[in-house]
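Chemist: Here you go, one structure.
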Amino acid sequence: MSSLFPRLLAGLAPLALLSFAAAPDFGPNVLIFSPGEHDVQARIDAVFAQQERSEFGAGRYALLFRPGDYAADVQVGYYMHVAGLGRSPDDVRITGAVRCTAKWTGDHNATINFWRTAENLSVTPTVDGGANVWAVSQGTSLRRVHVRGDLHLWDGGWASGGFMADCRIDGRVDSGTQQQWLSRNDSWGQWVGSSWNMVFVGVDRPPAGRWPDPAYTVVEHTPISREKPYLFTDANGAFFVFVPDFSPPDTRGITWSAAPTPGRAVSIDEFHIARPETDTAATLNAALAAGKHLLFTPGSYRLDAPLEVTRAETIVFGLGFPTLISAAGQPVLRIADVEGVVACGLLLEASEREAPVLLQVGSPGGAATPETRPTVLHDLFARAGSTVAGRTRCFVEVNSSGTILDNLWLWRADHGPGAGWEKNRTAHGLVVNGRDVTAYGLFVEHTQDCQTLWNADGGRVYLYQSELPYDPPNQAAWMNGAARGFASYKVADRVRTHEAWGVGVYAVFHHTPVILDNAVEAPAAPGVKFHHLVTLRLNRQRGSGIAHIINGVGAPVIDERMARVDEH
Numbered sequence: 069m070s071s072l073f074p075r076l077l078a079g080l081a082p083l084a085l086l087s088f089a090a091a092p093d094f095g096p097n098v099l100i101f102s103p104g105e106h107d108v109q110a111r112i113d114a115v116f117a118q119q120e121r122s123e124f125g126a127g128r129y130a131l132l133f134r135p136g137d138y139a140a141d142v143q144v145g146y147y148m149h150v151a152g153l154g155r156s157p158d159d160v161r162i163t164g165a166v167r168c169t170a171k172w173t174g175d176h177n178a179t180i181n182f183w184r185t186a187e188n189l190s191v192t193p194t195v196d197g198g199a200n201v202w203a204v205s206q207g208t209s210l211r212r213v214h215v216r217g218d219l220h221l222w223d224g225g226w227a228s229g230g231f232m233a234d235c236r237i238d239g240r241v242d243s244g245t246q247q248q249w250l251s252r253n254d255s256w257g258q259w260v261g262s263s264w265n266m267v268f269v270g271v272d273r274p275p276a277g278r279w280p281d282p283a284y285t286v287v288e289h290t291p292i293s294r295e296k297p298y299l300f301t302d303a304n305g306a307f308f309v310f311v312p313d314f315s316p317p318d319t320r321g322i323t324w325s326a327a328p329t330p331g332r333a334v335s336i337d338e339f340h341i342a343r344p345e346t347d348t349a350a351t352l353n354a355a356l357a358a359g360k361h362l363l364f365t366p367g368s369y370r371l372d373a374p375l376e377v378t379r380a381e382t383i384v385f386g387l388g389f390p391t392l393i394s395a396a397g398q399p400v401l402r403i404a405d406v407e408g409v410v411a412c413g414l415l416l417e418a419s420e421r422e423a424p425v426l427l428q429v430g431s432p433g434g435a436a437t438p439e440t441r442p443t444v445l446h447d448l449f450a451r452a453g454s455t456v457a458g459r460t461r462c463f464v465e466v467n468s469s470g471t472i473l474d475n476l477w478l479w480r481a482d483h484g485p486g487a488g489w490e491k492n493r494t495a496h497g498l499v500v501n502g503r504d505v506t507a508y509g510l511f512v513e514h515t516q517d518c519q520t521l522w523n524a525d526g527g528r529v530y531l532y533q534s535e536l537p538y539d540p541p542n543q544a545a546w547m548n549g550a551a552r553g554f555a556s557y558k559v560a561d562r563v564r565t566h567e568a569w570g571v572g573v574y575a576v577f578h579h580t581p582v583i584l585d586n587a588v589e590a591p592a593a594p595g596v597k598f599h600h601l602v603t604l605r606l607n608r609q610r611g612s613g614i615a616h617i618i619n620g621v622g623a624p625v626i627d628e629r630m631a632r633v634d635e636h
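With the sequence shown counted from 1, adding 68 to any position gets you this note's numbering.
Encoded structure:
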């Protein structure tokens, strides 16, 4: 924690400790608010002042609101996790805003508003013209939020999000300049706006219109899902993690409209509360071996061995964007082929020592997980090359059948101190070897081989967004045999069933003219289907771009800016 923040809050800390003596020791970067406290706004503002511009800073924070009413303008900056502590989103009622703007960039450009989240609360917007502004890009989420008014997903400049699930918006959602967006199991009065690739899965009142104008992809029902766990307190102030059940097949709308979300409450006493200043891979693995769940408090954890999850129904919960770093060139987290594991709210980071993979779900060639209670990953983000020249062969490898991926951003950094063609070498974002894996909101960017490699049958992807690497020094440095470049989305030749909805691949080549032959490559099998594909050329580098969208089909984006394929 920087020296600024403790000085700002020094006079308030004793009051906070006295007020919340019953709370677990989540550390100094978790702020817990109660209704009626006089200093709520000052404490929020102190965090935001530190985090507004802190794209690659060390600060990580969680702001937790006990049930009740608040008048507050909650501005959400980098690595800020804002959450209500009620059983229902309507138990925490904020009048003012829970908002993310892009004023700090000068031109209101929100395309680097990464790594922030808000969940499990309600807000009545009274600022920004009476609309709640959530102008974000990748690595963010809005979950279980009730907006008693309008929601704007932009702030006057470009935005490149985004993910929203289990939210209720009483008024209108205006997507504005959002380039792409995934909405799953939401409810709203109206949706307006469309740019390149907007996907709606299991939402009430999806917008009218058909691809490509407007660029809407509507899937009426969500085939399989499980909502993200969340913290809450009971009437006595005791803390629990609520773990929602798997939803029935083919759902639509939010889980909490008519009755509370079904699931189970797990006492905080069943968790090992991890702290970055004291915990190591050894202490964390000892806690797992003793049958504990893990709750990571905000901060960075340099791990010299993988965390081994081998027990069914284990919860690995991230609070305040905890960052797990592969310090010794090893996987950060390995999840065995067991039932019901949930990992959520984690940021995984590669170090200078190259890792084979950062997160591995299931053993390569191991036993298939029973698909009735598969592993679920929520808000799982990974990166290489942000603050250091991190390297990994792959960010996430999925071997367990039935795994659900619910909002992943896998990012080889295109900017930052550790970014460069030879600095942050990363081959793949996601490799899938397990059958029947489903992804909602899959964002994979800038890796140097096939960014997504799908090797098994039964895969489903609902919104795919990918930028090609910005920085090949020349065409010869980025060749796949005789083919120019590596397809962003590659389905292996042996696969016979696969389906994807809303696939966008963008070319941004900076240094020299570079061509990619195909944005997507997939076998020509009846069971392999792609719906609504788009490619764009976003740079002005003459002679650069994408020759075809999929398998030699689709117009080039070399002289033109955009091309689309309806069905393939």
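Yeah, the Cβ is synthetic: ideal placement off N, Cα and C, and Gly gets one too.
1) Would you check if the segment 535-544 and the segment 573-586 touch, i.e. whether three or more CB-CB distances between them fall below 8 Å?
2) To the nearest angstrom, how far is the alpha carbon of Pro-328 from that of Arg-212?
3) Do you know offhand how far Gly-502's Cα is from Pro-193's?
4) Does the beta-carbon distance from Leu-473 to His-496 come in below 9 Å?
5) For Gln-475, which residues in the same chain have their Cβ closer than 6 Å to its Cβ, ignoring the five residues on either side in sequence?
6) Does DSSP put Leu-507 in a helix, a strand or coil?
7) In whole angstroms, give me the CA-to-CA distance for Asp-223 and Thr-179.
8) Does the segment 387-397 touch the segment 362-379, meaning 3 or more C-beta pairs lie closer than 8 Å?
9) I need the straight-line Cα distance from His-176 to Gly-225, nearest angstrom please.
10) In terms of residue numbering, what span does the alpha helix (DSSP H) encompassing Ala-114 cover?
11) Between Tyr-538 and His-514, which are expected to be in contact by the criterion C-beta below 8 Å, what is the C-beta distance as a whole number of angstroms?
12) On the criterion of 16 or more Cβ atoms from any shown chain inside 10 Å, does Glu-628 qualify as buried, or is it exposed?
13) Cα separation between Tyr-147 and Ala-550?
14) How many angstroms separate the CA atom of Asn-619 from the CA atom of Val-559?
15) With distances taken from CA atoms, which of Ile-100, Arg-184, Thr-290 is nearest Arg-528?
16) Among residues of its own chain, excluding the 5 on either side of Leu-445, which ones have a beta-carbon nearer than 6 Å to its beta-carbon?
17) Taking Leu-415 as part of the alpha helix (DSSP H), name the residues at either end of that continuous run.
18) Give the DSSP-derived three-state secondary structure of Ala-89 in the structure shown.
19) If you reduce the DSSP assignment to three classes, tell me which class Ile-292 lands in.
20) Quick check: Leu-25 and Leu-387, are their CB atoms within less than 9 Å of each other?
21) Is Pro-442 close to chain B, meaning its C-beta is less than 9 Å from at least one C-beta of that chain?
22) With 16 as the cutoff for other CB atoms within 10 Å, does Gly-367 come out buried or exposed?
23) Going by DSSP in three states, Trp-637 sits in which element: helix, strand or coil?
24) Looking only at C-alpha atoms, which of Ser-325, Ala-283, Leu-299 sits nearest to Trp-256?
25) Could you have a look at Glu-407 and say whether DSSP puts it in helix, strand or coil?
26) Let me check understanding here. Comparing Cα to Cα, which of Tyr-557, Asp-504, Gly-553 lies closest to Val-588?
27) Tell me the DSSP secondary structure of Leu-131 in three-state form.
28) Between Asp-238 and Arg-252, which are expected to be in contact by the criterion C-beta below 8 Å, what is the C-beta distance as a whole number of angstroms?
29) Suppose the cutoff is 6 Å on Cβ atoms and the five residues either side in sequence are ignored; what does the same chain contact list for Ser-190 look like?
30) Taking the beta strand (DSSP E) that Asn-188 falls in, what are its first and last residues?
31) Below 9 Å between beta carbons: does that hold for Ala-452 and Asn-492?
32) Whole angstroms are fine: how far does the CA of Met-547 sit from the CA of Arg-610?
33) Kindly list the residues whose CB is nearer than 7 Å to the CB of Val-311, restricted to its own chain and excluding five residues on each side of it in sequence; keep chain order.
34) Between the C-alpha atoms of Arg-421 and Pro-316, what's the straight-line distance to the nearest angstrom?
35) Relative to the alpha-carbon of Val-456, which residue among Glu-417, Val-201, Val-464, His-600 has its alpha-carbon at the smallest distance?
36) Are Pro-591 and Val-571 close, meaning C-beta to C-beta below 9 Å?
Modeler: So, to answer that:
1) yes
2) Stepping through the sequence shown from its first residue, residue 328 is reached at position 260. Stepping through the sequence shown from its first residue, residue 212 is reached at position 144. Distance between the alpha carbons of Pro-328 and Arg-212 is about 12 Å.
3) Locating residue 502 in the sequence shown gives position 434, counting from the first residue. Locating residue 193 in the sequence shown gives position 125, counting from the first residue. C-alpha separation (whole angstroms): 44 Å.
4) Counting from one through the sequence shown, the residue named residue 473 turns up at place 405. Counting from one through the sequence shown, the residue named residue 496 turns up at place 428. No, the pair does not count as a contact, with Cβ atoms beyond the cut-off.
5) Here residue 475 refers to the residue found at position 407 when the sequence shown is read from its first residue. Checking the displayed sequence, the identity of residue 475 turns out to be Asn instead of Gln. Cβ within range, chain order: Ser-209, Phe-231, Asp-447, Gly-509.
6) Taking the first residue of the sequence shown as position 1, residue 507 is located at position 439. Note that residue 507 corresponds to Ala in the displayed sequence, not to Leu. It is a strand residue.
7) Reading the sequence shown from its first residue, position 155 is the one you call residue 223. Reading the sequence shown from its first residue, position 111 is the one you call residue 179. The straight-line gap from Cα to Cα measures roughly 11 Å.
8) yes
9) What you label residue 176 is simply residue 108 of the sequence shown in a count that begins at 1. What you label residue 225 is simply residue 157 of the sequence shown in a count that begins at 1. Roughly 5 Å between the two C-alpha positions.
10) Numbered from its first residue, the sequence shown carries residue 114 at position 46. Here the alpha helix (DSSP H) through Ala-114 covers 108-119.
11) Along the sequence shown, one-based indexing puts residue 538 at 470. Along the sequence shown, one-based indexing puts residue 514 at 446. That belief holds up - the Cβ atoms of Tyr-538 and His-514 are roughly 6 Å apart, short of 8 Å.
12) The residue you call residue 628 lines up with position 560 of the sequence shown. Counting Cβ neighbours within 10 Å, Glu-628 comes out exposed, since fewer than 16 surround it.
13) Here residue 147 is taken as the residue at index 79 of the sequence shown, counted from 1. Here residue 550 is taken as the residue at index 482 of the sequence shown, counted from 1. Cα-Cα distance, rounded: 42 Å.
14) The count along the sequence shown starts at 1 and reaches residue 619 at position 551. The count along the sequence shown starts at 1 and reaches residue 559 at position 491. Looking at the two C-alpha atoms, the distance is approximately 11 Å.
15) If you number the sequence shown from 1, residue 528 lands on position 460. Ranking the options by Cα distance to Arg-528, first place goes to Thr-290.
16) Residue mapping note: residue 445 aligns to position 377 of the sequence shown, counting from 1. Within the same chain, Leu-445 has close Cβ partners Ala-411, Leu-473.
17) Taking the first residue of the sequence shown as position 1, residue 415 is located at position 347. First-last for Leu-415: 410-418, but that is the beta strand (DSSP E), not the alpha helix (DSSP H).
18) Reading the sequence shown from its first residue, position 21 is the one you call residue 89. Residue placement at Ala-89 is poorly supported in this model, since its pLDDT is 40, which falls under 50; the coordinates still yield a value, given next. Looking at Ala-89 - three-state DSSP - the assignment turns out to be coil, as it is neither helix nor strand.
19) If you number the sequence shown from 1, residue 292 lands on position 224. Coil, per DSSP.
20) Limits of the chain in this structure are 69 at one end and 636 at the other, which puts residue 25 out of reach.
21) No chain B appears in the structure shown, which is made up of a single protein chain.
22) The residue given as residue 367 occupies position 299 in the sequence shown. By the neighbour-count rule (16 or more Cβ atoms within 10 Å), Gly-367 is buried.
23) Beyond the ends of the chain as shown, which are 69 and 636, falls residue 637; an answer cannot be given.
24) Position 188 of the sequence shown, counted from the start, is the residue given in the question as residue 256. The option with the nearest alpha carbon to Trp-256 is Ser-325.
25) Counting from one through the sequence shown, the residue named residue 407 turns up at place 339. Coil at Glu-407, not helix or strand.
26) Against the sequence shown, residue 588 aligns to sequence position 520. Out of Tyr-557, Asp-504, Gly-553, Tyr-557 has the C-alpha closest to the C-alpha of Val-588.
27) Against the sequence shown, residue 131 aligns to sequence position 63. Three-state DSSP puts Leu-131 in a strand.
28) Counting from one through the sequence shown, the residue named residue 238 turns up at place 170. Counting from one through the sequence shown, the residue named residue 252 turns up at place 184. With a Cβ gap of about 19 Å, Asp-238 and Arg-252 do not count as contacting.
29) Residue numbering aside, residue 190 sits at position 122 when the sequence shown is read from its first letter. Around Ser-190: Pro-157, Asp-158, Arg-161, His-214.
30) Looking up residue 188 in the sequence shown gives position 120. If you look at Asn-188, you'll find it in the beta strand (DSSP E) that goes 184-193.
31) To locate residue 452, count along the sequence shown from 1; it is residue 384. To locate residue 492, count along the sequence shown from 1; it is residue 424. The Cβ atoms of Ala-452 and Asn-492 sit closer than 9 Å to each other.
32) On the sequence shown, position 542 is the one that residue 610 refers to. On the sequence shown, position 479 is the one that residue 547 refers to. Cα to Cα, Arg-610 sits roughly 19 Å from Met-547.
33) Position 243 of the sequence shown, counted from the start, is the residue given in the question as residue 311. Excluding residues within five positions, the ones whose Cβ falls inside 7 Å are Pro-297, Gly-331, Arg-332, Val-334, Ile-383, Val-410.
34) Position 353 of the sequence shown, counting from 1, holds the residue named residue 421. Position 248 of the sequence shown, counting from 1, holds the residue named residue 316. Cα to Cα, the separation comes out at about 43 Å.
35) Here residue 456 is taken as the residue at index 388 of the sequence shown, counted from 1. Here the closest residue by C-alpha is Glu-417.
36) Position 523 of the sequence shown, counted from the first residue, corresponds to residue 591. Position 503 of the sequence shown, counted from the first residue, corresponds to residue 571. Between Pro-591 and Val-571, the C-beta gap is not smaller than 9 Å, which leaves the two residues out of contact.
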